[in-house]
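Only one structure is covered here, and it is reproduced in the block below.
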Amino acid sequence: MFTYEDAVSSINNIPKFLSAPSVEHTASVLEAIGRPDRGLKIIHVAGTNGKGSVCAFLTNMLMKQGYRVGTFTSPHLIKMNERIKINDEPVSDDKFLTSYLHVKECCANLGEMNYFEYLFAMGMDIFSKEHLDYVILEVGLGGRMDGTNAIEHPACSVIVSISFDHVEILGHTLKEIAYAKAGIIKEGHPVVFDASNDEVSQVILDEATKMHSQAYGVGKSYCDIVESKNGTLTFKVNEGCMAGETVTIPFIATYQAANTMIALAVMETLGHLQTDEQKKQAKEGLLVTKWPGRMQQVLDGVFMDGAHNEDGIAKFVETVNTVECKGRKLLLFSAVKEKDVDLMARHIGKEADFSKIYLTEIENDRLLQVEVLANQLKKYYNGPVEICPKTSEAFDKVLADKQPDDKVFIAGSLYLVGTIMELIQKKGE
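Residue numbers (this note's numbering): 5 to 433.
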């Protein structure tokens with residue numbers, strides 16, 4: 005009998021980085037399974053860093069207001085079902101298996117699908133049967149040419165922070181990357197975007213004008229940080245219908261304030277912050293939001309962050325520098341070979357104050373060898389560097405070295421975060 009485990013194994017055998025299917029091909033896949041997206045109210049989220057956090061904030065605010073919400077994000081950290089959630093809970097193994105078989109049967113004559121396209125089709129198929137009020141849909145890569153852009157009528161498009169990543173696909177300038185992301189804006193449908201960069205904002209505004217879409221920019225002045233303590237961040241909202249309100253989120257990273265403001269702007273655009281009760285529910289939703297691997301404390305004095313590109317590492321370092329520590333700050337780091345490791349190493353070596361750095365390799369064919377990583381890091385960092393290629397050994401080593409007053413930080417790759425989470429889970433069993 006074909007099982008859930010067989011379905012996961014089959015999907016894992018689909019090439020992840022096959023030349024990406026066209027949006028037209030993904031549209032034909034959706035047609036083959038009954039065009040499930042057409043009955044869904046979709047909030048479509050693109051950007052370089054912060055997409056997943058914005059999706060999580062939106063999911064929890066809408067749930068607190070009584071809506072039933074489906075959420076599609078990537079990558080997963082431990083289990084594939086994490087990508088497809090109903091009311092913030094991963095879909096069951098049975099529903100996952102049923103959808104896998106349905107998509108396989110319906111698309112048998114369509115030619116080869118890639119890994120992401122198959123899972124996206126399954127997400128839309130599952131959501132269409134769950135009587136949802138909203139679907140929060142995260143773009144896989146870019147926007148304009150991403151498979152998720154096969155959807156036709158989003159309730160709202162969202163573009164979060166844009167910086168350099170996947171330049172070989174999206175372009176080597178911020179304008180080119182912004183153009184790729186702005187491709188999710190649809191004719192006559194609103195877009196909410198991060199307006200902190202003027203050059204990027206202009207590209208998005210030009211696309212919105214072309215598509216006759218109302219555009220709502222969220223700038224840096226939209227909130228002021230009040231305090232960060234006890235694992236939370238509190239800030240005052242300066243703009244929009246929540247102006248004057250104080251909001252608390254269960255994250256210590258200051259960059260999450262900007263992500264929260266974008267999520268609130270989406271809620272306002274969709275008419276979900278009109279009453280005092282709606283505002284209260286939104287704040288309650290923000291306070292209970294969980295998004296693993298984003299400056300998350302996973303053990304006493306041990307924090308993990310999925311930062312994996314230059315801008316992400318810069319923000320990670322900025323947050324690390326705000327964390328009070330009576331002892332040493334230790335870093336466990338890894339990266340994939342496509343990233344600009346030199347720029348990431350520069351931020352880590354020149355802007356942070358790590359007493360020691362441990363380097364490891366992700367358990368993935370995209371791994372960057374630790375020797376290469378060490379050579380890059382040593383250009384900017386004069387402290388001790390320990391090389392432990394095997395992640396489990398590296399994690400055991402840094403925990404063994406950690407003194408009671410020390411803080412351990414783990415960053416560089418979401419694959420590393422997933423592996424560490426799995427190791428922690430096994431230690432707790």
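Every residue, glycine too, gets a C-beta built ideally from N, C-alpha and C.
| Query | Result |
| --- | --- |
| S161 burial status per 10 Å Cβ neighbour count (16 or more: buried) | buried |
| CB-CB length for I88 against E426, believed under 8 Å | Between E426 and I88 the Cβ distance is about 19 Å, and since that is not below 8 Å, they are no contact. |
| Environment of L335 [buried if 16+ CB atoms lie within 10 Å] | buried |
| DSSP bridge partner residues for V389 (one or two, in chain order) | I361 |
| Exposure of M117, with buried meaning 16 or more beta-carbon neighbours within 10 Å | buried |
| Cutoff 6 Å; reference D92; Cβ partners in own chain excluding five residues on either side | T63 |
| Reduced DSSP secondary structure (H/G/I, E/B, other) of E134 | coil |
| For N313 and F2, the rounded distance between their alpha carbons | Nothing about residue 2 can be reported from this structure: the residues present for the chain run from 5 to 433 only. |
| Segment limits, beta strand (DSSP E) that includes Q282 | Here Q282 belongs to no beta strand (DSSP E); instead the alpha helix (DSSP H) covers 280–291. |
| Three-state class that DSSP yields for A50 in the structure shown | strand |
| Cross-strand partners of C227 (DSSP beta bridge) | V241 |
| Inter-stretch contact at 8 Å, needing at least 3 Cβ pairs: the region 304–313 / the region 400–416 | yes |
| Limits of the alpha helix (DSSP H) - the one that S161 falls within | No alpha helix (DSSP H) holds S161; the beta strand (DSSP E) holding it covers 160–163. |
| Which residues DSSP lists as bridging T250, in chain order | K240 |
| S417 versus G115 - alpha carbon distance | 32 Å |
| Neighbourhood of S232 by C-beta distance below 6 Å, restricted to the same chain and skipping five residues each side | I256 |
| Of the residues K360, I424, V340, the one placed nearest F373, counting alpha carbons only | Inspection of the sequence shows that residue 373 is occupied by Gln rather than by Phe. Cα-wise, what sits closest to Q373 is V340. |
| Outcome for M128 when other beta-carbon atoms lying within 10 angstroms are tallied against a minimum of 16 | buried |
| Distance between A154 and E211 (C-alpha atoms, nearest Å) | 18 Å |
| 8 Å Cβ cutoff met for T252 and T236 | yes |
| Candidates I140, P19, H106, I266: closest to Y71 by CA position | I140 |
| Close-in-space but distant-in-sequence residues of the same chain around G223 (CB under 7 Å, 5 per side omitted) | A199, S200 |
| Beta-bridge pairing of Y220 - partner residues as DSSP gives them | V196 |
| Stretch pair the region 345–355 + the region 381–389: three plus CB contacts closer than 8 Å | yes |
| Residues near A219 by beta carbon distance below 6 Å, same chain, minus five either side | V195, L209, A212 |
| Residue environment, F120, which counts as buried when at least 16 other CB atoms sit within 10 Å | buried |
| Cβ neighbour criterion (16 or more within 10 Å) applied to T250 | exposed |
| Assigned secondary structure, T7 (DSSP; H/G/I helix, E/B strand, else coil) | coil |
| A404, buried or exposed, once every other Cβ within 10 Å from all chains shown has been counted against 16 | exposed |
| One or two residues paired with E93 in a DSSP bridge | I90 |
| Supposed close pair V164, V321 - CB separation, criterion 8 Å | The pair is not a contact, with the Cβ atoms about 20 Å apart (cut-off 8 Å). |
| With 16 other Cβ atoms within 10 Å as the buried cut-off, status of A112 | exposed |
| Cut-off 7 Å between Cβ atoms - residues of its own chain near P19, not counting five sequence neighbours on either side | N118, Y119 |
| Three-state secondary structure (DSSP) of L145 | coil |
| Burial state of I46, where buried means 16 or more other Cβ atoms lie within 10 Å | buried |
| Contacts around G147, its chain only, beta-carbon distance under 8 Å, and the 5 residues preceding and following it disregarded | A50, N153, I163, A184, K185, A186, G187, I188 |
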